[in-house]
Amino acid sequence: MPFSAQPPGSGERYVLAASLDNARHLSSLLRAVHFRDHATCFATANGLRVTVEDAKCIQANAFIQAEIFQEFTVQEESVILRINLSVLLDCLTIFGTSSSPGAPTALRMCYRGYGYPLMLFLEEGGVVTVCKINTQEPDELLDFDFCSTNVVNKIILQSEGLREAFAELDMTSEVLQITMSPDKPYFRLSTFGNAGSTHLDYPRDSDLIEAFHCNQTQTNRYKLSLLKPSTKALALSCKVSIRTDARGFLSLQYMIRNEDGQICFVEYYCCPDEDVAEGEL
Amino acid sequence: MRFRAKIVDLACLNHFSRVINTIAKLAKTCTLRLTVSKLYFILSDKVANGGVSMWCELCQGNFFDEFQIEGVAAEHNEIYLELVPENLSRALKTAQSAKAVKIKLSNKHCPCLRVAVELPSLSSSSRIVTHDIPVGVIPRRLWNDFREPSVTDFDVSIYLPVLKTMKSVVERMKNLSNSIVIEANLRGEMNLKIETDLVSITTHFKDLGNPPWASEDGGQSSTQGGDLEGMAEARIDIKKLQQLLAGQQVNPTKALCNIVNKKIVHFILLHEDVSLQYFIPALA
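In the order they appear, the protein sequences are chains Z and D.
Throughout the first sequence, residue numbering follows our numbering, covering 150 to 430 in sequence.
Throughout the second sequence, residue numbering follows our numbering, covering 47 to 330 in sequence.
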């Protein structure tokens, strides 16, 4: 059912106006990147990108392309705003999080520009909720300078193969060590916790591995506490691509299919843990 | 002073347990008033409760197969006990498939409600699990503290929205604010609002309907006449409202609230054989 209530003062220009029949298409993706309170939203005619960062070494981006929305209009070339993501998620899920198939929550989102709050109009079963969320000065975002031409190793696997491994990672380990190689052990996840070291190897010819392009043996360590939130994105996704570049920077890209079968992406970038000496293994 | 009661019917037992679970969610300690025909769970408005009060009434005949009471004196055939409802709730948890539950007031070392749960067993003799719940006997001179509160001069009376929706909304709002404004008018409209530095949220409910007495002379003071759209409102502690809604495990037959502008919200939740009234005062 299309959301028809007119937002107040709709004669005024909104730099961003969007409508979505099912707010869950947005809220579930945002949850996949919700590991800090604040997020930067970046809107262009192509769609919406929501970025969350932590500790200056990890960045997560959720992409919701314009086609997912029933309406997506951006009046300027790009619109950027910083917002409290916890508050945004509470608003998007105001009618609850359980999926009742007959009654999705409809969403309309409007933003008048710099200095104005983000307005949300949510409707379910005839009940309307209006939210006004204050926005903040956008911070400068990290640029990981990760481009596909610098990729050294790349593996694409079905998410179900990684889900259990990630859910059971030994959290007493400070790091997650990822080894990717054209030779054995091909693809190995290791942790070094209080109880000992754990190594999980994936054989190159495993059914779960859809693509295996490893050119060089690389072993890199990443702070586990920073990577752990990516488990949320992994849980939602059907496929994941793991790439590293010459600097050891890690890119995890998750392909997520929503309730209507549409595809969206979430990516995590992480830089290697510098506290660890190179020779240690 | 004597009291003994017995429940044999499993459906009645489960129903009674549900009522106790609801009470346990609303009050840490409360007063149980026993009369020949009814049980009352009462919370009177003390500062320690945040000024909240509760009045829950059950007809004993709808739950108990046997019910005998001998009050403090012939002309005052009632017993008032102070108890922790969570203790009673926990005792009844063991009774989910019981053959019978007996409740008796006993005074071995100190006053207790002795709950004896008879459980089915494979052998010929039943297993009996007994819980002794400490209670305080409230002397007659204090009984006046526990009279039924009444709110006669309300400004608006309105039926509540679907509790499931109201519960979801209030739970989310509780993450964001300590207080919530409830406002309603005689056109069947109700709004729930929060406003903080970070966010303002308003949820609009329509077509809720107003109970018939809402337009009688006795019930209205300030909204007499044509002001059907005027809202009566109160800002209340959101946790108290959330506790009330979370405690409702079964949808009530009737759910409504009376609002006295800027003073108090009086919730009335009626089930077939239980009535629950909950009063939440407006914040200063």
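From the three backbone atoms N, C-alpha and C, an ideal C-beta is built for every residue, glycine too.
Nothing here was measured: the structure is a model prediction, and the numbers come from that model.
Please confirm whether residue i has its beta-carbon closer than 8 Å to some beta-carbon of chain D.
i	result
residue 245 (chain Z)	yes
residue 305 (chain Z)	no
residue 345 (chain Z)	no
residue 310 (chain Z)	no
residue 275 (chain Z)	yes
residue 173 (chain Z)	no
residue 419 (chain Z)	no
If you follow the alpha helix (DSSP H) that residue i is part of, which residue opens it and which one closes it?
i	result
residue 215 (chain D)	209-222
residue 243 (chain Z)	Element bounds for residue 243 (chain Z): n/a, residue is neither H nor E.
residue 380 (chain Z)	379-385
residue 174 (chain Z)	173-180
residue 289 (chain D)	284-292
residue 374 (chain Z)	373-376
For chain Z, find out if any of its Cβ atoms is closer than 8 Å to the Cβ of residue i; answer yes or no.
i	result
residue 269 (chain D)	In this predicted model, residue 269 (chain D) has a pLDDT of only 45, less than 50, meaning its place in the structure is not dependable; the value taken from the coordinates is given anyway. No, because no Cβ of chain Z sits closer than 8 Å to the Cβ of residue 269 (chain D).
residue 214 (chain D)	yes
residue 222 (chain D)	yes
residue 211 (chain D)	yes
residue 140 (chain D)	no
Where do the ends of the beta strand (DSSP E) carrying residue i lie?
i	result
residue 281 (chain Z)	276-282
residue 362 (chain Z)	358-363
residue 304 (chain D)	300-306
residue 169 (chain Z)	165-169
residue 225 (chain D)	225-230
residue 180 (chain D)	173-180
residue 47 (chain D)	Unbroken run through residue 47 (chain D): none, as it is neither H nor E.
residue 411 (chain Z)	Where residue 411 (chain Z) is concerned, there is no enclosing beta strand (DSSP E), given that its DSSP letter is neither H nor E.
residue 322 (chain D)	320-327
residue 350 (chain Z)	345-351
residue 202 (chain D)	202-205
residue 24 (chain D)	Because chain D here runs from 47 to 330, residue 24 (chain D) falls outside it and cannot be looked at.
residue 258 (chain Z)	255-260
residue 191 (chain Z)	187-193
residue 342 (chain Z)	336-342
residue 197 (chain D)	From DSSP, residue 197 (chain D) is part of no beta strand (DSSP E); its letter is neither H nor E.
residue 161 (chain D)	158-165
residue 250 (chain D)	245-251
residue 183 (chain Z)	No beta strand (DSSP E) contains residue 183 (chain Z), which DSSP labels as neither H nor E.
residue 314 (chain D)	310-316
Using a C-beta to C-beta distance shorter than 8 Å, which residues of chain Z count as neighbours of residue i?
i	result
residue 48 (chain D)	Under the 8 Å cutoff, chain Z gives no residues; its nearest Cβ is about 48 Å from residue 48 (chain D).
Can you list the residues of chain Z that residue i reaches, using a CB-CB cut of under 7 Å?
i	result
residue 218 (chain D)	239, 242 and 243
Anything in chain D within Cβ reach of residue i, meaning under 8 Å, just list it in chain order.
i	result
residue 278 (chain Z)	215, 247, 248, 249 and 250
residue 283 (chain Z)	243, 244 and 245
Please decide whether residue i counts as near chain B, where near means a Cβ-Cβ distance under 8 Å.
i	result
residue 222 (chain D)	This model lacks chain B altogether; the protein chains it does include are Z and D.
Q | Contained beta strand (DSSP E) runs [length at least 3] in the region 204-240 of chain Z, N- to C-terminal order | A | Entirely contained in the region 204-240 of chain Z, the beta strand (DSSP E) runs reaching 3 residues are, in chain order, 207-214, 220-223 and 228-233.
Q | Near-chain D residues of the region 227-242 of chain Z (beta-carbon distance less than 7 Å), N- to C-terminal order | A | Contacts with chain D (Cβ-Cβ distance below 7 Å) from the region 227-242 of chain Z involve 233, 236, 239, 240 and 242, listed in chain order.
**Q.** Where the region 229-263 of chain D meets chain Z: residues whose CB sits under 8 Å from a CB there
**A.** Residues of the region 229-263 of chain D with a C-beta less than 8 Å from any C-beta of chain Z: 243, 244, 245, 246, 247, 248, 249, 250, 251, 252 and 253, listed in chain order.
Q) What alpha helix (DSSP H) runs, 4 residues minimum, are completely inside the region 68-150 of chain D? A) Inside the region 68-150 of chain D, DSSP marks whole alpha helix (DSSP H) runs of 4 or more residues at positions 131-139, from first to last along the chain.
**Q.** Uninterrupted beta strand (DSSP E) stretches inside the region 270-334 of chain Z (no shorter than 3 residues)
**A.** Within the region 270-334 of chain Z, the complete beta strand (DSSP E) segments of 3 residues or longer fall at 276-282, 300-307 and 324-329, listed in chain order.
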